[in-house]
Amino acid sequence: MKDTGYYAIGIFRHKRDHNLGSLWRSAFILGAKYIFTIGKNYKKQSSDVLSSWARIPLFHYETADEFFKQIPYDCRVVGIEIDKNAKPLHDFVHPKRAVYLLGAEDNGLPRDVIDRCHFLVKLPGNHSLNVAVAGSIVIHDRVTKIETDFPVLQK
Ligand SMILES: C[S@@+](CC[C@H](N)C(=O)[O-])C[C@H]1O[C@@H](n2cnc3c(N)ncnc32)[C@H](O)[C@@H]1O
Numbered sequence: 001m002k003d004t005g006y007y008a009i010g011i012f013r014h015k016r017d018h019n020l021g022s023l024w025r026s027a028f029i030l031g032a033k034y035i036f037t038i039g040k041n042y043k044k045q046s047s048d049v050l051s052s053w054a055r056i057p058l059f060h061y062e063t064a065d066e067f068f069k070q071i072p073y074d075c076r077v078v079g080i081e082i083d084k085n086a087k088p089l090h091d092f093v094h095p096k097r098a099v100y101l102l103g104a105e106d107n108g109l110p111r112d113v114i115d116r117c118h119f120l121v122k123l124p125g126n127h128s129l130n131v132a133v134a135g136s137i138v139i140h141d142r143v144t145k146i147e148t149d150f151p152v153l154q155k
C-alpha cells in the first residue's frame, strides 16, 4: 500500500450544528481519518445522514491551545480562510499529513489561530462560502491531487 498520508478536518467554535453535520458527511465520504471540534461540542445532526462520528473518530478540544498541542507527529495544520497570506487553493500542494481547520460562520478564524497554522489556503470569490461547502471543496481538491486509496477515485 502506498504512503499517501492522511488528513483530518474540523471547525473552530462552530455556530450551527447542521453545518458540522454536512462537513462530517463530506469528510467521511472523502476519506478523512478523523474529524474534530474546537471550543464547542457536536450534537447529532440529521444533516450527517451517515452518522460519520460513528465511523471515524470525532475529537473535541476545549481550546485552540489544546488543539495545537495534540496535532499528530509531523502533521501540518492548514487553515482555510480568506486572508492576505492565504495561498489560492488551485496552486496549493497539500501536505501528506494534514489537519484542515475552518473558522466559525460569523467571525471566521481569529488572528492568533491563523498565525499558528503552518499553511493557509483560500478559495476564489468575493464573498465567504458556507463553512461546510468551503471545507468540502478543499478536501475534494486534496483527494484529486494526492494519489490515494480512496475507493471512488480508483480507475
Ligand atoms: C462563513 S465563513 C466566515 C465569514 C466571516 N464573516 C468572515 O468574513 O471572516 C466561515 C468559514 O468558512 C471558510 N471559508 C468560507 N469562504 C472561504 C473562502 N473563500 N476561502 C477560504 N475559506 C473560506 C473559512 O474557514 C471561514 O472561517
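1 is the number of the first residue of the sequence shown in UniProt numbering; add one for each residue after it.
We treat Cβ as the ideally placed atom computed from N, Cα and C, and that holds for glycine.
Since the structure is predicted, the reported quantities are computational estimates derived from the model, not experimental observations.
(1) Measuring straight from C-alpha to C-alpha, what distance separates residue 125 and residue 73?
(2) Do residue 113 and residue 95 have their CB atoms nearer than 8 Å?
(3) Applying the 10 Å Cβ sphere with the 16-neighbour rule, what's the burial state of residue 48?
(4) Less than 8 Å separating the beta-carbons of residue 80 and residue 27?
(5) Go ahead and label residue 155 buried or exposed: buried means 16 or more other beta carbons lie within 10 angstroms of its beta carbon, across all protein chains shown.
(6) What number of angstroms, rounded off, separates the C-alpha of residue 127 from the C-alpha of residue 142?
(7) What are the partner residues of residue 28, as DSSP defines its beta bridges?
(8) So residue 80 is in the alpha helix (DSSP H); what residue range does that whole segment cover?
(9) Between 57, 106, 107 and 33, which lies nearest to residue 42 when the distance is taken from Cα to Cα?
(10) Please state the DSSP three-state secondary structure of residue 4.
(11) Distance, Cα to Cα, residue 60 vs residue 67?
(12) For the beta strand (DSSP E) that residue 121 lies in, which residues bound it at each end?
(13) Please name the residue or residues paired with residue 60 in a DSSP beta bridge.
(14) Does the beta-carbon of residue 50 have 16 or more other beta-carbons within 10 angstroms, so that it is buried, or is it exposed?
In this structure, then:
(1) If I take the Cα positions, the gap works out to 34 Å.
(2) The answer is no: Cβ separation not under 8 Å.
(3) Residue burial annotation: residue 48 is buried, with at least 16 other C-beta atoms found within 10 angstroms of its C-beta.
(4) Judged by beta-carbon spacing, residue 27 lies beyond the 8 Å limit of residue 80, meaning their Cβ atoms are not closer than that value.
(5) Here residue 155 scores only 46 on pLDDT, less than 50, and its place in the model is too uncertain to base an answer on.
(6) Rounded to whole angstroms, residue 127 to residue 142 spans 22 Å at the Cα level.
(7) Answer is none; residue 28 lacks a bridge partner.
(8) No alpha helix (DSSP H) holds residue 80; the beta strand (DSSP E) holding it covers 76 to 80.
(9) When the alpha-carbon of residue 42 is set against those of 57, 106, 107 and 33, the nearest one is in 57.
(10) Looking at residue 4 - three-state DSSP - the assignment turns out to be coil, as it is neither helix nor strand.
(11) Taken atom to atom, the span from the alpha-carbon of residue 60 to that of residue 67 is near 8 Å.
(12) 119 to 122 is the span of the beta strand (DSSP E), which, as asked, contains residue 121.
(13) DSSP, once it has assigned bridges, lists 37 as partnering residue 60.
(14) By the beta-carbon neighbour count (other beta carbons within 10 angstroms, threshold 16), residue 50 is exposed.
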